[in-house]
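Using full-length UniProt numbering, read the sequence shown as starting at 1 and increasing by one per residue. The C-beta atom is built at its ideal place from N, Cα and C for all residues, glycine as well. Remember, predicted model here, so these are calculated numbers, not experimental data. This report refers to the structure that appears directly beneath it.
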Amino acid sequence: PDFWGLLNPEWSLCTKGRRQSPIDIKPQSLLYDPILRPIHIDNHKIQGILENNGHSVVFRMVDNELSNDGPKVSHHNSSIRRSKIMQISGGPLSYSYTFDSIQLHYGRTDSSGSEHTLDGISFPAELQIIGYNSDLYRNTSEASRKTNGLAAIALLIQISDESNKELKILTDNAHKIKYTGQSVSIDSFSISELVPDLNYYLTYEGSMTIPQCSETVTWIILNKPISITRAQGFQCPTFRKNMHYRGIGFTNVYKWKS
């Protein structure tokens, strides 16, 4: 919300920023860019932790930051093994980005869950794959404050008769973490099986959707929604009641690839 900028001087961009996210996507305003490339995401399976942080459900390869020995892993659950670093590249990205987390945003109802909207219409939920620029920066915390720091791939989620298998893994486990601070281990997860065709997307330069609202994010919104059934998806009133989400911002330029 805009009032975030009034709560802390370091959050002033939340109120005064010119490239704030999320946005309402206006199809009639899209600019076609023939130079945009397909997006690449490494396709190996990973392990991690799914946590309810009060703002969203977050899956991450725990403490996934680069060191001389690769990503560091620390968590109270000692059964989690270190996963191979996963890279995101291509598309509008000029650098390679190391996978940091997946954020799953629900709403209080099926009609108002996604952060981004399409011509004023919200989707039941939105999944965001976050990576940090590991060519230039050491970790997500540093990258989030720097130019070209973060990449976010957003997938809008729709209710359907069929369910995306990898999304079902997240939603099934999300029901186990109804309250802020709760977490659960996920032993095997495939991002490449989660996402639809990576050739079709729109992109714009925006911000983080939580304070400090830093305008350091290249957003990539995939054209095709992914699906979850009503029975498998968003039937957790306690969980929904505790979720917090941000309203729509604005930006002047966004491009699409087809």
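Near residue i, which residues of its chain fall below 8 Å by C-beta distance, leaving aside the five closest residues on each side in sequence?
i: asparagine 148; result: Ser94, Tyr95, Asn133, Leu136, Thr216, Thr218
i: serine 122; result: Gly107, Ser111, Ser112, Gly113, Ser114
i: lysine 165; result: Glu193
i: aspartate 119; result: Asp24, Ile25, Lys26, Pro27
i: glycine 17; result: Ser207, Cys213, Glu215, Gly249
Considering only DSSP beta bridges, list what residue i is partnered with.
i: glutamate 126; result: His105, Leu156
i: threonine 180; result: For threonine 180, which the question treats as bridged, DSSP gives no partner whatsoever.
i: serine 227; result: Gln158
i: asparagine 133; result: Tyr97
i: serine 89; result: His40
i: arginine 60; result: Ile49, Ser101
i: isoleucine 210; result: Partner(s): none; isoleucine 210 has no beta bridge.
i: aspartate 24; result: Thr117
i: leucine 150; result: Tyr132, Val217
i: leucine 198; result: DSSP, once it has assigned bridges, lists no residue as partnering leucine 198.
i: leucine 30; result: According to DSSP, leucine 30 bridges with nothing at all.
Taking the alpha helix (DSSP H) that residue i falls in, what are its first and last residues?
i: serine 190; result: Here serine 190 belongs to no alpha helix (DSSP H), and DSSP marks it neither H nor E.
i: residue 263; result: Limits of the chain in this structure are 1 at one end and 258 at the other, which puts residue 263 out of reach.
i: glutamate 166; result: 165 to 174
Given residue i, which residues of its chain have a CB within under 6 Å of its CB, disregarding the five upstream and five downstream residues?
i: isoleucine 191; result: Ile41
i: alanine 152; result: Gln128, Ile130, Val217, Trp219
i: isoleucine 39; result: Gly90, Gly91, Leu198
i: alanine 174; result: Val57
i: phenylalanine 59; result: Gly48, Leu50, Ile102
i: leucine 155; result: Leu127, Leu222, Ile226
Specify, as a first and last residue, the run of the beta strand (DSSP E) that residue i falls within.
i: asparagine 52; result: 46 to 52
i: leucine 222; result: 217 to 222
i: residue 264; result: No information on residue 264 is available, as it lies outside the stretch 1 to 258 that the chain covers here.
i: threonine 203; result: 201 to 206
Once you ignore the five residues that flank residue i on each side, which residues in its own chain have a CB closer than 7 Å to its CB?
i: residue 259; result: Because the chain here runs from 1 to 258, residue 259 falls outside it and cannot be looked at.
i: serine 214; result: Leu13, Ser144, Arg145, Ser207, Met208
i: serine 163; result: Ser227, Ile228, Thr229, Gln232
i: isoleucine 169; result: Ile186, Phe189
i: isoleucine 46; result: Met61, Ser83, Met86, Phe189
i: aspartate 161; result: Thr229
i: glutamine 158; result: Phe123, Pro124, Pro225, Ser227
Buried or exposed for residue i, please, with buried defined as at least 16 other CB atoms from any protein chain shown within 10 angstroms of its CB.
i: leucine 202; result: buried
i: glutamate 10; result: exposed
i: histidine 44; result: exposed
i: aspartate 100; result: buried
i: tyrosine 32; result: exposed
i: glutamine 28; result: exposed
i: isoleucine 25; result: buried
i: glycine 48; result: buried
i: proline 34; result: exposed
i: asparagine 68; result: Residue placement at asparagine 68 cannot be trusted, given a pLDDT of 40 that sits under 50; the coordinates are not used to answer.
i: serine 183; result: buried
i: threonine 140; result: buried
i: threonine 109; result: exposed
i: serine 78; result: Below a pLDDT of 50, predicted positions are generally treated as unreliable, and serine 78, at 49, falls in that range; no measurement from the model is reported.
Given 8 Å as the limit, is there contact between the stretch 219 to 231 and the stretch 196 to 207, that is, 3 or more CB pairs closer than that? Enough Cβ pairs lie closer than 8 Å, so yes.
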